[in-house]
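Asker:
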Ligand code: SF4
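Residue numbers (the numbering used here), protein chains in the order written: chain H, 1 to 468; chain G, 469 to 660.
1) From what residue to what residue does the alpha helix (DSSP H) around residue 587/G run?
2) Indicate whether at least one CB of chain H lies closer than 8 Å to the CB of residue 566/G.
3) Spell out whether any CB of chain H is found under 8 Å from the CB atom of residue 634/G.
4) Quick one, which residues of the stretch 617-631 of chain G are near chain H if we go by CB-CB under 9 Å, in chain order?
5) Given this structure, state the Cα-to-Cα distance separating residue 14/H from residue 379/H, to the nearest angstrom.
6) Cutting at 7 Å between CB atoms, please list the residues of its own chain near residue 41/H, excluding the five before and the five after it.
7) Report all residues from its chain with a CB closer than 7 Å to the CB of residue 116/H; omit the five preceding and five following residues, and keep chain order.
8) Assign residue 650/G to buried or exposed, taking buried as 16 or more other Cβ atoms, counted over all protein chains shown, within 10 Å of its Cβ.
9) Measuring only from the beta carbon, is residue 40/H closer than 7 Å to any heavy atom that is part of ligand 1?
10) Hey, residue 397/H and residue 451/H are a contact pair by Cβ (cut 8 Å); roughly how many whole angstroms apart?
11) So who's on the other strand from residue 533/G, going by DSSP bridges?
12) For residue 303/H, does the three-state DSSP call read helix, strand or coil?
13) Could you give the DSSP three-state label for residue 204/H: helix, strand or coil?
14) With 8 Å as the threshold, decide whether the Cβ of residue 290/H is near any Cβ in chain G.
15) Tell me whether residue 188/H counts as near ligand 1, meaning its Cβ is closer than 7 Å to at least one heavy atom of that ligand.
16) Cβ of residue 402/H within 7 Å of any heavy atom in ligand 1?
17) For the stretch 495-528 of chain G, which residues have a CB atom closer than 8 Å to at least one CB atom of chain A, in sequence order?
18) Near residue 468/H, which residues of its chain fall below 7 Å by C-beta distance, leaving aside the five closest residues on each side in sequence?
19) Identify each residue in the stretch 175-209 of chain H for which the Cβ-Cβ distance to at least one residue of chain G is less than 7 Å, and report them in chain order.
20) Between residue 408/H and ligand 1, is there a pair consisting of the residue's CB and a ligand heavy atom that are separated by less than 7 Å?
21) Between the Cα of residue 359/H and those of 350/H, 322/H, 403/H and 463/H, spot the shortest distance and give me the residue it belongs to.
22) I need the straight-line Cα distance from residue 348/H to residue 424/H, nearest angstrom please.
23) Going by DSSP in three states, residue 144/H sits in which element: helix, strand or coil?
24) Just to make sure I have the definition right: I need the residues of chain G whose C-beta is within less than 9 Å of the C-beta of residue 367/H. Which are they?
25) Name the DSSP beta bridge partners of residue 281/H, please?
26) Can you pull the chain H neighbours of residue 530/G, defined as C-beta to C-beta under 7 Å?
27) My guess is that residue 36/H and residue 83/H are in contact by the Cβ rule of under 8 Å, so how many angstroms apart are they, rounded?
28) Distance check for residue 646/G and residue 2/H, CA to CA, integer angstroms please.
29) Checking contacts by CB at 8 Å: is residue 12/H closer than that to chain G?
30) Quick one: is residue 555/G near chain H, going by C-beta distance under 8 Å?
31) For ligand 1, any of its heavy atoms closer than 7 Å to the Cβ of residue 346/H?
32) For ligand 1, any of its heavy atoms closer than 7 Å to the Cβ of residue 425/H?
33) Considering only DSSP beta bridges, list what residue 199/H is partnered with.
34) In the DSSP assignment, find the unbroken alpha helix (DSSP H) run with residue 618/G in it and report its ends.
35) Would a C-beta distance cut-off of 8 Å place residue 387/H and residue 340/H closer than the cut-off?
36) Using a Cβ-Cβ distance cut-off of 8 Å, determine whether residue 134/H contacts chain G.
Written out as structure tokens, the structure is:
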């Protein structure tokens with residue numbers, strides 16, 4: 001009998017081409033996803049006169065600079081150039097590109113799973129830190145920098161030292177209005193933005209088993225906000241049901257043998273982790289950020305922390321964050337007036353997210369302006385089939401095309417200086433949504449509730465009223 | 469050496485997203501910590517040490533420097549501004565890898581040593597020395613040890629080029645690929 005192995009052990013072993021004496025492994029990359037930001041890496045490749053080693057395993061997506069309006073004629077020449085450069089590089093190297101007019105276009109971490117390019121058991125790289133999203137399928141997926149992107153393009157492999165293993169076990173039932181986003185913000189607030197640094201997280205427990213694939217993706221997506229490059233959930237029937245029939249997924253006999261293998265990936269009983277953390281689902285309330293890092297998060301019914309009561313390093317940071325965010329210590333976070341809302345991003349713009357937001361907004365009016373950007377064109381079409389677009393539009397929000405949009409503002413969708421935005425995105429860093437922008441991150445349902453009241457609001461009463 | 473006594477300096481602060489479409493050949497140094505260094509009207513802020521000492525090559529800062537996105541442009545901004553090493557209690561994982569791939573040293577010191585160095589840097593910019601052999605930072609009469617992943621250390625000393633290194637293993641990669649095609653044919657995407 002061999003020793004019990006973790007899912008990380010199994011995935012790592014399956015991708016190891018070789019291991020150096022210093023313990024660093026050369027790993028085979030099954031899928032490499034590139035976007036407009038990969039221009040530095042393509043330039044490095046061109047400098048050396050190298051070709052893309054495996055164009056069939058490389059996929060391009062236009063997302064970071066994708067205009068969400070007036071796509072046919074990109075007004076900003078700089079944005080047009082970024083999109084054009086990716087198009088040229090994809091064409092030159094024979095890479096399948098999900099371009100602006102492609103029916104599959106969307107945010108890279110939405111497109112991969114949706115198109116069946118993301119499968120359990122794969123190693124997936126992308127020059128983007130939220131590549132951890134794809135780990136929701138039981139894949140080894142991690143973000144890399146431009147030098148590494150160039151390396152993967154040239155060799156289809158990557159050098160990596162194996163991370164330590166960490167298991168976050170979440171058990172129990174989530175309360176009403178509490179979603180995967182809240183689970184993530186809850187553990188990051190507890191452990192810090194570097195709480196899982198150096199570790200690959202496996203999320204386990206009854207709560208995780210009960211999450212849909214979309215919820216699992218949200219959770220794995222946010223792993224990097226807690227410092228972990230990898231976030232994973234073991235494949236199960238929920239995973240197979242999601243993957244089956246997707247365009248890139250195996251069919252027929254290949255499906256059968258793949259599915260059989262995938263269900264062997266979960267960590268063996270008795271496998272040990274370098275670190276274990278337990279979370280009680282019942283303790284998690286709808287959670288949002290008050291400050292300028294994702295660890296500065298609290299339950300919606302809490303008060304803004306007082307720096308005077310924090311330890312010195314944290315106190316400095318809290319003071320600085322309160323100043324930037326224009327908040328006073330000791331006051332309830334709920335009731336803080338907002339200027340606008342944004343529902344979008346690779347964290348929370350899948351159709352399930354839009355359904356939850358629409359459930360809150362149906363028949364109600366938004367007091368503040370806002371944008372809803374679906375995670376992909378297929379998500380947009382699905383939402384329109386369900387009439388969700390009309391719910392948002394009738395509430396007074398803009399229904400726009402898909403892309404990274406106001407998550408990072410590269411396409412020009414930004415929050416004006418000093419304005420406060422309730423946002424379903426993943427980063428509340430200073431200036432993330434635009435210089436001087438004040439971002440509060442939360443679940444799409446919480447964003448919807450904030451839109452209705454014009455202030456940071458507990459979503460729960462909205463849901464109970466609905467149920468009655 | 470200049471001090472940046474801030475925790476969690478994320479890559480969005482190191483280089484705001486709006487600058488990232490520039491080609492590297494233009495130089496990224498002017499983008500470094502742009503919104504911390506400049507007022508909304510673009511004027512350099514006098515209270516920012518990096519502005520007063522534009523020739524500084526070492527930065528001491530607080531925990532979790534370089535957290536956030538994988539943008540290597542954050543490292544380009546540091547390197548192009550003449551920074552050779554960042555000294556902090558901890559770094560974002562992706563940032564540290566990107567740094568080493570561009571010859572920038574991410575030197576890990578204890579929280580106490582970081583605070584001590586920050587305190588010793590007064591209004592002036594003291595000259596400090598970093599020895600990669602012994603992993604020591606010397607500031608005046610004070611020697612501070614730092615930690616660096618051994619692999620990263622070798623890489624910084626030898627200036628390894630990973631692509632060439634890997635291309636020496638092409639036969640092993642080809643063997644792995646052939647084996648994976650056999651044992652996991654499903655791992656190749658189905659043609660549309
Ligand atoms: S939506 Fe935001 S976090 Fe996601 S890939 Fe785009 S910019 Fe990055």
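Just so you know, even glycine gets a beta-carbon here, dropped at the ideal spot from N, CA and C. As the structure is a prediction and not an experimental result, all values here were calculated from the model.
Answerer: If we stick to the structure as given:
1) The residue you call residue 587/G lines up with position 119 of the second chain. 579-588 is the extent of the alpha helix (DSSP H) around residue 587/G.
2) As a first step, residue 566/G must be located in the second chain, where it is residue number 98. Residue 566/G counts as touching chain H.
3) Counted from its first residue, the second chain places residue 634/G at position 166. Closer than 8 Å: yes.
4) 617, 618, 619, 622, 630 and 631
5) Reading the first chain from its first residue, position 14 is the one you call residue 14/H. Reading the first chain from its first residue, position 379 is the one you call residue 379/H. About 33 Å.
6) As a working note, residue 41/H is residue 41 in the first chain. Within the same chain, residue 41/H has close Cβ partners 127, 146, 149, 150 and 153.
7) To locate residue 116/H, count along the first chain from 1; it is residue 116. Same-chain partners within the cutoff: 243, 246, 247, 248 and 249.
8) Translated into the one-based positions of the second chain, residue 650/G becomes position 182. Residue 650/G is exposed by the Cβ-count criterion.
9) As a working note, residue 40/H is residue 40 in the first chain. Residue 40/H: no, Cβ never under 7 Å from ligand 1.
10) Position 397 of the first chain holds residue 397/H. Position 451 of the first chain holds residue 451/H. With a Cβ gap of about 7 Å, residue 397/H and residue 451/H count as contacting.
11) What you label residue 533/G is simply residue 65 of the second chain in a count that begins at 1. BP columns for residue 533/G point to 559/G.
12) Mapped onto the first chain, residue 303/H falls at position 303. Of the three classes helix, strand and coil, the one that applies to residue 303/H here is strand, per DSSP.
13) As a working mapping, residue 204/H is identified with position 204 in the first chain. It is a strand residue.
14) Sequence index remark: in the first chain, residue 290/H carries index 290 (1-based). No, its Cβ sits nowhere closer than 8 Å to a Cβ of chain G.
15) As a position in the first chain, residue 188/H is number 188, starting the count at 1. Checking the Cβ of residue 188/H against ligand 1 gives no.
16) Here residue 402/H is taken as the residue at index 402 of the first chain, counted from 1. False, no ligand heavy atom lies under 7 Å from that Cβ.
17) The chain labelled as chain A is not found among the protein chains of the depicted structure, namely H and G.
18) The residue given as residue 468/H occupies position 468 in the first chain. Only weak support is given to the placement of residue 468/H: the predicted model assigns it a pLDDT of 42, under 50, and the value that follows is read from those uncertain coordinates. Around residue 468/H: no qualifying Cβ.
19) 193, 194, 197 and 198
20) Here residue 408/H refers to the residue found at position 408 of the first chain. Residue 408/H Cβ: within cutoff of ligand 1.
21) Reading the first chain from its first residue, position 359 is the one you call residue 359/H. Among 350/H, 322/H, 403/H and 463/H, the Cα nearest to that of residue 359/H is on 463/H.
22) The count along the first chain starts at 1 and reaches residue 348/H at position 348. The count along the first chain starts at 1 and reaches residue 424/H at position 424. When rounded, the distance between both Cα atoms is 6 Å.
23) Here residue 144/H refers to the residue found at position 144 of the first chain. Residue 144/H: coil per DSSP, three-state reduction.
24) On the first chain, residue 367/H is found 367 positions in, with the first residue counted as 1. Neighbours of residue 367/H on chain G: none; closest Cβ ~28 Å, over 9 Å.
25) The residue given as residue 281/H occupies position 281 in the first chain. None; residue 281/H has no bridge partner.
26) As a position in the second chain, residue 530/G is number 62, starting the count at 1. The contacting residues are 313.
27) Here residue 36/H is taken as the residue at index 36 of the first chain, counted from 1. Here residue 83/H is taken as the residue at index 83 of the first chain, counted from 1. Indeed, because the Cβ distance is near 6 Å, the residues count as touching under 8 Å.
28) Counting from 1 along the first chain, the entry for residue 2/H is found at position 2. Counting from 1 along the second chain, the entry for residue 646/G is found at position 178. Between residue 2/H and residue 646/G, the C-alpha separation is close to 27 Å.
29) Locating residue 12/H in the first chain gives position 12, where the first residue counts as 1. No, no contact with chain G.
30) The residue labelled residue 555/G in the question sits at position 87 within the second chain. It does not; no Cβ of chain H falls within 8 Å.
31) Residue numbering aside, residue 346/H sits at position 346 when the first chain is read from its first letter. Yes, the Cβ of residue 346/H comes within 7 Å of a heavy atom of ligand 1.
32) As a first step, residue 425/H must be located in the first chain, where it is residue number 425. Yes, ligand 1 has a heavy atom inside 7 Å of this Cβ.
33) Within the first chain, numbered from 1, the residue matching residue 199/H stands at position 199. DSSP lists 164/H as partners of residue 199/H.
34) Along the second chain, one-based indexing puts residue 618/G at 150. Taken as a continuous stretch (DSSP letters only), the alpha helix (DSSP H) holding residue 618/G covers 618-626.
35) Indexing the first chain from 1 puts residue 387/H at position 387. Indexing the first chain from 1 puts residue 340/H at position 340. Taking 8 Å as the Cβ cut-off, residue 387/H and residue 340/H do not qualify as a contacting pair.
36) As a first step, residue 134/H must be located in the first chain, where it is residue number 134. For residue 134/H, the answer is no, since every Cβ of chain G falls outside 8 Å of its Cβ.
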